[in-house]
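Single-structure report; data block below.
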Amino acid sequence: MSVGEEVRTEQTKPQQSLGTAAARNLATTTKSVPQMQEISSRWLLRMLPWVDIQGGTYRVNRRMTFAVGDGRLTFVKTGDRVEVIPAELGELPALRSYEDEEVLFEIARRCEQREIPAGDVIASFGSPSDEVYLLAHGRVEKVGTGPYGEDESLGVLADGAYFGDDALLNEDAIWEYTARALTACTVLVLPRQEFEQIAERSDTLREHLQQRRSIPSQRSNKYGEKEIDLSSGHSGEPDIPHTFVDYEARPREYELSVAQTVLRIHTRVADLYNQPMNQTEQQIRLTVEALKERQEHELINNRDFGLLHNCEYDQRIQPHDGVPGPDDLDELLSRRRGTKMLLAHPRAIAAFGRELNKRGLVPETIDMAGNRIPTWRGVPIFPCNKIPVSDARTTSIIALRTGEADQGVIGLRASGIPDEIEPSLSVRFMGINEQAIIKYLVTAYYSAAVLVPDALGVLENVEIGRWR
1 MSVGEEVRTE QTKPQQSLGT AAARNLATTT KSVPQMQEIS SRWLLRMLPW VDIQGGTYRV
61 NRRMTFAVGD GRLTFVKTGD RVEVIPAELG ELPALRSYED EEVLFEIARR CEQREIPAGD
121 VIASFGSPSD EVYLLAHGRV EKVGTGPYGE DESLGVLADG AYFGDDALLN EDAIWEYTAR
181 ALTACTVLVL PRQEFEQIAE RSDTLREHLQ QRRSIPSQRS NKYGEKEIDL SSGHSGEPDI
241 PHTFVDYEAR PREYELSVAQ TVLRIHTRVA DLYNQPMNQT EQQIRLTVEA LKERQEHELI
301 NNRDFGLLHN CEYDQRIQPH DGVPGPDDLD ELLSRRRGTK MLLAHPRAIA AFGRELNKRG
361 LVPETIDMAG NRIPTWRGVP IFPCNKIPVS DARTTSIIAL RTGEADQGVI GLRASGIPDE
421 IEPSLSVRFM GINEQAIIKY LVTAYYSAAV LVPDALGVLE NVEIGRWR
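UniProt numbering applies: residue 1 is where the sequence shown begins, and numbers increase by one.
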C-alpha cells in the first residue's frame with residue numbers, strides 16, 4: 001500500500017468519539033481575567049508615605065534661606081555654535097533673580113566658545129580666577145589636594161554646570177581646585193573684564209551686584225539658613241544672645257495634579273456578557289492600572305513636582321567612571337542622612353550588578369512583599385521603569401529619604417473624594433448617552449513634595465551599555 005492510499009484510508013475511517021471542537025460548545029472554558037503588559041511593580045507608589053491634604057494644596061514652610069543660585073544652564077546649539085539662553089544666566093549666584101533681559105543678552109553675547117580636548121587642565125589650583133566657565137557639553141573633574149599632598153577628587157561636573165563664578169563678585173578670587181576635562185568639552189567663557197565693562201554701563205546691574213555682595217555677610221549655617229545665635233561653654237554672667245527663627249516669606253506650595261479619562265462601555269456588553277466575569281469591573285480595573293502607571297510616571301518626570309526635576313543642583317552627582325559603581329552609590333548615600341530607598345531603571349540595576357561582579361562583591365537582598373530586592377549599605381534598590389533612558393544609553397539613580405517626621409519626600413493625595421474606590425482615586429458614573437453607551441469618569445489626584453533639599457539626590461548620566 002502506498003503512502004497516499006494509507007492517508008486516504010485514515011481520513012475515511014468513521015469517527016468513534018466526540019470531537020474537541022464540538023465538546024467545547026458544551027464545556028465551561030477556564031479563562032483568565034484580561035491581562036495587561038503595561039502593569040509594572042510601581043514600587044514608588046507602594047513605598048512613598050502618602051499625606052492627605054485639604055484644600056488641594058500643601059505648603060512647605062522652611063527656615064529663611066539666602067538663595068545664591070543652584071540651578072543649571074540651558075544652551076542652544078546651531079550647527080557647531082553654542083549659545084547660552086540669556087535668561088538662564090540668572091542661575092549664576094552673582095545674577096540670581098536679576099531680570100533685566102537686555103543686560104543678560106549682552107552678557108550672553110560676550111561669552112566666548114572654546115573646545116577643550118580630553119585631559120587638558122582648564123584651571124589650576126592657586127591661579128587667579130578671572131573667567132567664568134559655562135559647561136555646555138562634556139565632563140569636568142574638580143581635583144583638590146588631599147591632607148597628605150595627593151590629588152583628591154572633589155566631584156564631577158556635566159552638561160549645564162558652571163564653575164569659576166566667584167570671579168564675578170570677588171576680583172581677588174583664586175582657584176581653590178584644579179579643573180580637568182575628563183572628556184572633550186564645549187564651554188562658554190565669560191571673562192571678568194567683559195562683565196565689569198557691562199556693569200559700568202548698567203545701573204541696575206551695579207546695584208544688584210552690591211546687594212549680592214552683602215549676602216555672605218549675613219550670618220548663615222552651611223545650608224544657607226539664617227543662623228540661630230547661641231552661646232555655650234560660658235561661665236559667670238555674660239550677656240546671652242537674643243535670637244529668633246526666621247521663615248521663608250514665600251514658601252513653596254504644591255497643588256494636587258490630576259490624571260483623568262472617560263471610560264465608555266456599551267450597555268449591551270454590560271447587560272449580556274457579564275458571566276463569568278463582570279465586564280464593567282474588568283474595564284475599570286484595567287483603566288485604573290493604566291492611570292496608576294501614569295501617576296508614577298508623573299511623580300518621576302513631571303517638570304513641576306517630579307523627582308528628577310525637583311532635585312537641587314548640589315544634590316546631583318556624576319559617576320566617576322560613567323558606569324554606576326559602588327563608590328558612586330556610596331557618594332550618593334553620603335549626601336543625606338537616613339536614605340530609605342533607591343530607585344533605578346532595571347537596566348541601571350543590571351549595570352550596577354556587573355560592576356559588583358567585577359569586584360567580586362555580592363549585594364545583600366531583603367524580602368519585600370515576597371520579592372527579593374537588592375540592597376546597598378542596607379538601602380533597598382527598587383526597580384522603576386519610569387526613569388528615562390536617553391538615546392546615549394544613560395539614565396539616573398534616585399535616592400530618597402521619605403516621611404514627614406524625617407523631613408523627607410512625601411506623596412500628596414486627597415482621601416474622601418466622591419465615588420472613591422481607593423484613596424484619592426474615584427470612578428464617577430456620568431450617565432448613558434443616546435447611543436446606549438455608559439460613561440464613567442476615572443480620576444486620580446496626586447503630587448509629591450520635597451520637605452528639605454537634602455531629602456532627594458540623583459546620580460546622573462549613568463552609563464548602562466558598557467560591558468567590558
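Here a beta-carbon is modelled for each residue, glycine too, at the ideal position from N, C-alpha and C. This one's a predicted model, so the numbers in the text were calculated from it and none came from an experiment.
Query	Result
Contact check, ALA118 vs VAL82, beta carbons under 8 Å	no
Reduced DSSP category for GLY457 - H, G, I as helix; E, B as strand; rest coil	strand
Candidates SER232, GLY408, GLU225, VAL189: closest to ILE122 by CA position	VAL189
Alpha carbon of ALA22 to alpha carbon of THR30, nearest angstrom	16 Å
Sub-8 Å separation of VAL442 and GLN295 beta-carbons	no
Same chain only: Cβ atoms within 7 Å of CYS111, ignoring 5 sequence neighbours per side	VAL84, LEU134, LEU188, VAL189, LEU190
Enclosing alpha helix (DSSP H) for HIS208 [first to last residue]	203-214
Integer-rounded CB distance, given that LEU169 should sit under 8 Å from LEU209	7 Å
Same chain, Cβ closer than 6 Å to VAL379, neighbours up to 5 away in sequence not counted	THR339, LEU342
Stretch-stretch touch, CB-based, cutoff 8 Å, three pairs: the region 277-292 with the region 36-47	yes
Exposed unless 16 or more other CB atoms sit within 10 angstroms - verdict on THR74	exposed
Minimum length 4: unbroken alpha helix (DSSP H) runs contained in the region 31-93	43-47
Residue of ARG264, GLU460, SER396, HIS345 minimising C-alpha distance to GLY431	ARG264
Extent of the continuous alpha helix (DSSP H) to which LEU272 belongs	267-272
Buried or exposed by the 16-neighbour rule on C-beta atoms within 10 Å, applied to LEU95	buried
DSSP three-state assignment for PRO346, whether helix, strand or coil	helix
8 Å contact criterion, which VAL462 and SER396 should meet: CB distance rounded	6 Å
Contacting residues, own chain, Cβ-Cβ under 8 Å from GLN155 (five flanking each side not counted)	For the sequence presented, residue 155 should be read as Gly rather than Gln. Correct list, in chain order: GLU141, LYS142, ILE317, GLN318.
ASP165 - DSSP class collapsed to helix/strand/coil	helix
Span of the alpha helix (DSSP H) around ALA290	279-301
Inter-stretch contact at 8 Å, needing at least 3 Cβ pairs: the region 361-378 / the region 443-452	no
Nearest-angstrom Cα separation, counted from ASN357 out to HIS309	32 Å
Residue range of the beta strand (DSSP E) that includes SER396	394-400
Anticipated Cβ contact below 8 Å, ARG192 with GLU131, distance rounded	7 Å
Paired residues, beta bridge with ASN371 - DSSP	MET368
Test item: CB-CB of ASP172 and PRO93 under 8 Å	no
Three-pair Cβ contact test at 8 Å for the region 402-422 versus the region 47-57	yes
Secondary structure, beta strand (DSSP E): runs of 3+ residues fully inside the UniProt domain "Cyclic nucleotide-binding" (95-198)	112-116, 121-123, 131-137, 140-145, 151-157, 178-181, 185-191
Cβ separation of TYR58 and TYR254, assumed to be a contact under 8 Å, to the nearest whole Å	5 Å
For residue 492, the nearest candidate out of PRO383, PRO423, GLU364, ASP454 (CA to CA)	Outside the shown range of the chain (1 to 468) lies residue 492, about which nothing can therefore be said.
Limits of the beta strand (DSSP E) - the one that LEU307 falls within	That residue, LEU307, is in no beta strand (DSSP E); its alpha helix (DSSP H) goes 307-310.
Enclosing beta strand (DSSP E) for GLU422 [first to last residue]	420-422
Proximal residues to TRP467 (C-beta, below 8 Å), its chain only, five neighbours per side dropped	ARG354
Buried versus exposed, by CB contacts within 10 Å (16 or more), VAL7	Confidence at VAL7 is low in this model, with a pLDDT of 49, below 50, so the placement of that residue should be treated as unreliable; the coordinate-derived value is given next. Exposed.
8 Å Cβ cutoff met for LEU299 and PRO326	no
Close beta carbons around GLU248, own chain, < 8 Å, minus the five adjacent residues each side	ASN61, ARG62, ARG63, MET64, THR65
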